[in-house]
Amino acid sequence: KEIQLWASDRVRPYNPNFQRAAELIQADWAKVGVKAEIVNYEWTKYREEGKKKERPGAFQIGWTGDNGDPDNFFATLFACSAIGVSNYSSWCDKDFEDLIQKAKKTSDQAERTKLYEQAQVVFQKQAPAFLLAHSQVYAVVRKNVSGFMMDPLGIHRFDGTDKAE
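Everything in the sequence shown is counted per my numbering, starting at 34 for the first residue and increasing by one.
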């Protein structure tokens, strides 16, 4: 039996080449006896069809966090309420959901950390998705620019930046 492995023509910070990633996954799967047919879609159709629970095959998607909070990954990508929106795996696990909802509601950092660590254990055991990579973002500045620091949220901030003449 063959499984579909979806790819898209879009370049994203977390995956600069969906087709090449699909080829590498296909080759790795072949080594363990899994046959995969790579199917390509234009980005809009890829995302629309990818949200469907009945989607055939495996789907590549990623995320660039935009606020630095663990909830921005856990809830956005894997909460039960995000199915059909941004939970492309359509995975819904009660234990995981309870943990992330409790973590979201507490302001105690130690307690939040503990809850998110427990959620990670559930995620790892259930494996609703395989995480392939973490993107690195770079900013290029001229030699005469000093003090520029990249903001962890991707915002270009220039306070503390100086330009020598």
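Beta carbons are placed, not taken as given, at the ideal position from N, Cα and C, and that holds for glycine.
Span separating the alpha-carbon of GLU214 from that of PHE191: What is shown of the chain runs 34 to 198, which leaves residue 214 out entirely.
Sheet register partners of GLN52 (DSSP bridge): For the purposes of this step, residue 52 is identified with residue 19 of the sequence shown, where counting begins at 1. Paired residue(s): none; GLN52 is not in a bridge.
At least 3 beta-carbon pairs within less than 8 Å: the segment 179 to 187 vs the segment 99 to 119: yes
As assigned by DSSP and simplified to three states, the class of ARG175: Along the sequence shown, one-based indexing puts residue 175 at 142. ARG175: coil per DSSP, three-state reduction.
At least 3 beta-carbon pairs within less than 8 Å: the segment 170 to 181 vs the segment 132 to 141: no
Three CB pairs or more closer than 8 Å across the segment 47 to 62 and the segment 105 to 120: They do not touch, by the three-pair rule.
Boundaries of the alpha helix (DSSP H) in which VAL72 is found, first to last residue: Counting from one through the sequence shown, the residue named residue 72 turns up at place 39. Element bounds for VAL72: not the alpha helix (DSSP H) but the beta strand (DSSP E), 68 to 74.
Terminal residues of the beta strand (DSSP E) in which VAL136 lies: Residue 136 sits at position 103 when you count from the first residue of the sequence shown. Strictly speaking, residue 136 in this sequence is Ala, with Val absent from that position. Per DSSP, ALA136 belongs to no beta strand (DSSP E); it is in the alpha helix (DSSP H), 127 to 138.
As assigned by DSSP and simplified to three states, the class of TRP62: For the purposes of this step, residue 62 is taken as residue 29 along the sequence shown, with counting starting at 1. Looking at TRP62 - three-state DSSP - the assignment turns out to be helix.
Residue burial classification, PHE156 (beta-carbon count within 10 angstroms, cutoff 16): Locating residue 156 in the sequence shown gives position 123, counting from the first residue. Buried, by the Cβ-count rule.
Other residues of its chain near TYR121: CB distance less than 7 Å, five sequence neighbours each side excluded: As a working note, residue 121 is residue 88 in the sequence shown. Contacts found: GLY83, LYS84, PHE92 and ILE94.
Residue closest to ARG145, alpha-carbon to alpha-carbon, out of GLN37, ALA136, TYR47 and GLN153: Within the sequence shown, numbered from 1, the residue matching residue 145 stands at position 112. In this structure, ALA136 is the residue among GLN37, ALA136, TYR47 and GLN153 with its C-alpha nearest to the C-alpha of ARG145.
LEU38 - DSSP class collapsed to helix/strand/coil: Taking the sequence shown and counting its residues from 1, the one referred to as residue 38 is at position 5. Strand.
Residues near VAL72 in its chain [Cβ-Cβ closer than 6 Å; skip 5 each side]: Position 39 of the sequence shown, counted from the start, is the residue given in the question as residue 72. The residues are GLN37 and TRP39.
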